[in-house]
Amino acid sequence: AQSVSQHNHHVILSEAASLELGCNYSYGGTVNLFWYVQYPGQHLQLLLKYFSGDPLVKGIKGFEAEFIKSKFSFNLRKPSVQWSDTAEYFCAVKAAGNKLTFGGGTRVLVKP
Amino acid sequence: GAGVSQSPRYKVAKRGQDVALRCDPISGHVSLFWYQQALGQGPEFLTYFQNEAQLDKSGLPSDRFFAERPEGSVSTLKIQRTQQEDSAVYLCASSLGGTGAGETQYFGPGTRLLVL
């Protein structure tokens, strides 16, 4: 069965700092990869996704992620964070079947 | 249009009670998913419907959990004889198609269940 690990449980940084959140998955076949975000008091929303083509994917709000197949990784990046990026971020994998397998999430706090 | 809606948003149950959680997917969405999110963890898959057919129920933790989608739209997740370990947020998601690569699942706000 596939699994997803997110290395950082909590990240604290200041506005304008760069952000990188790690995500690794275990599955040897074809995968679709997703990053979801949950802002305080809101529901899960899609940030970006990869399913084929260019391994560098750009999403909403200036986020991007790079799929590195050889490393089974799909790390999320943003060059300069804002206070409004405070949220919990979830990496997810869709392998066999339609279900998503999520990582444990990373809580990001951006200090103004 | 409207997103995925769930009701109730909060539910407190006494241990041993039965509960029913409702999900209204986005209109026209073929696929519907239920996930369970325990405190401090990521969502975990429970079950999946394509129209009214329950194609995958491998994530249901016990036979106390039952889900249905009789007319291929609204779905209900029922938990019988609730236990304290059932306390979690129950998330519903829907997607437009069936098995297409890259299909996005749209999530509802969840139902927070607390079993005392």
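From first to last, the protein sequence lines stand for chains Z and V. Residue numbers for the first sequence follow our numbering, beginning at 7 and rising by one. Residue numbers for the second sequence follow our numbering, beginning at 19 and rising by one. Ideal Cβ positions, reconstructed from N, Cα and C, are used throughout, including at glycine. A quick note: this is a predicted structure, and the numbers were derived from the prediction, not measured.
Could you tell me which chain Z residues have their CB closer than 7 Å to the CB of residue i, listed as they occur along the chain?
{"i": "Thr94(V)", "result": "Here the premise fails: no neighbours, minimum Cβ distance about 19 Å."}
{"i": "Gln123(V)", "result": "Leu106"}
CB-CB under 6 Å to residue i, same chain, minus the five flanking residues each way: which ones, in chain order?
{"i": "Gly28(Z)", "result": "His13 and Asn81"}
{"i": "Ala66(V)", "result": "Just to set this straight, residue 66(V) is Tyr in the shown sequence, not Ala. The answer, listed in chain order, is Phe51, Leu73 and Asp74."}
{"i": "Tyr56(Z)", "result": "Leu39, Val63 and Phe73"}
{"i": "Leu106(Z)", "result": "Ala98 and Lys100"}
Which bits of chain V does residue i rub up against, with CB to CB less than 7 Å?
{"i": "Gly109(Z)", "result": "Gly60"}
{"i": "Leu62(Z)", "result": "Here the premise fails: no neighbours, minimum Cβ distance about 16 Å."}
{"i": "Phe96(Z)", "result": "Gly60"}
{"i": "Leu115(Z)", "result": "Correct list: empty, because the minimum Cβ distance to chain V is about 15 Å."}
Can you find a CB in chain Z that lies within less than 9 Å of the CB of residue i?
{"i": "Phe51(V)", "result": "yes"}
{"i": "Pro127(V)", "result": "yes"}
{"i": "Ala111(V)", "result": "yes"}
{"i": "Phe63(V)", "result": "yes"}
{"i": "Asp42(V)", "result": "no"}
{"i": "Gly21(V)", "result": "yes"}
{"i": "Gly90(V)", "result": "no"}
{"i": "Leu73(V)", "result": "yes"}
{"i": "Gly34(V)", "result": "no"}
{"i": "Gly77(V)", "result": "yes"}
Taking the beta strand (DSSP E) that residue i falls in, what are its first and last residues?
{"i": "Tyr108(V)", "result": "Ala106 to Ser113"}
{"i": "Leu134(V)", "result": "That residue, Leu134(V), is in no beta strand (DSSP E); it is neither H nor E in DSSP."}
{"i": "Val63(Z)", "result": "Leu62 to Lys64"}
{"i": "Gln44(Z)", "result": "Asn38 to Gln44"}
{"i": "Val17(Z)", "result": "His16 to Ser20"}
{"i": "Val116(Z)", "result": "Thr112 to Lys117"}
What residues in its chain sit with their C-beta under 7 Å from that of residue i, if we drop five residues either side in the sequence?
{"i": "Asn69(V)", "result": "Val48 and Gly90"}
{"i": "Tyr108(V)", "result": "Leu39, Trp52, Gln54, Leu95, Gly128, Thr129 and Leu131"}
{"i": "Arg82(V)", "result": "Ile97, Gln98 and Arg99"}
{"i": "Asp104(V)", "result": "Ile97, Leu131 and Val133"}
{"i": "Lys32(V)", "result": "Leu134"}
{"i": "Ser11(Z)", "result": "Asn30 and Gly109"}
Let me see if you follow: with CB-CB separation under 9 Å, is residue i close to chain V or not?
{"i": "Val99(Z)", "result": "no"}
{"i": "Tyr33(Z)", "result": "no"}
{"i": "Val10(Z)", "result": "yes"}
{"i": "Tyr42(Z)", "result": "yes"}
{"i": "Gly103(Z)", "result": "yes"}
{"i": "Lys55(Z)", "result": "yes"}
Near residue i, what residues of its chain come up, given a Cβ to Cβ distance below 8 Å and the 5 sequence neighbours on each side ignored?
{"i": "Thr36(Z)", "result": "Ala101"}
{"i": "Leu115(Z)", "result": "His16, Val17, Ile18, Leu19 and Thr92"}
{"i": "Gly115(V)", "result": "Val48, Ser49 and Glu121"}
{"i": "Gly46(V)", "result": "Leu114"}
Taking 8 Å as the cut-off, is the beta-carbon of residue i closer than that to any non-hydrogen atom of the ligand NAD?
{"i": "Glu72(Z)", "result": "In the structure on display, the ligand NAD does not appear, and there are no ligands present to speak of."}
So with CB distances below 9 Å, who are the chain Z contacts of residue i?
{"i": "Tyr66(V)", "result": "Gly103, Asn104 and Lys105"}
At 3 residues or longer, what runs of the beta strand (DSSP E) sit wholly inside the stretch 39-111 of chain V?
Listed in chain order, the beta strand (DSSP E) elements of length 3 or more contained wholly in the stretch 39-111 of chain V are 49-55, 62-68, 71-74, 83-86 and 93-97.
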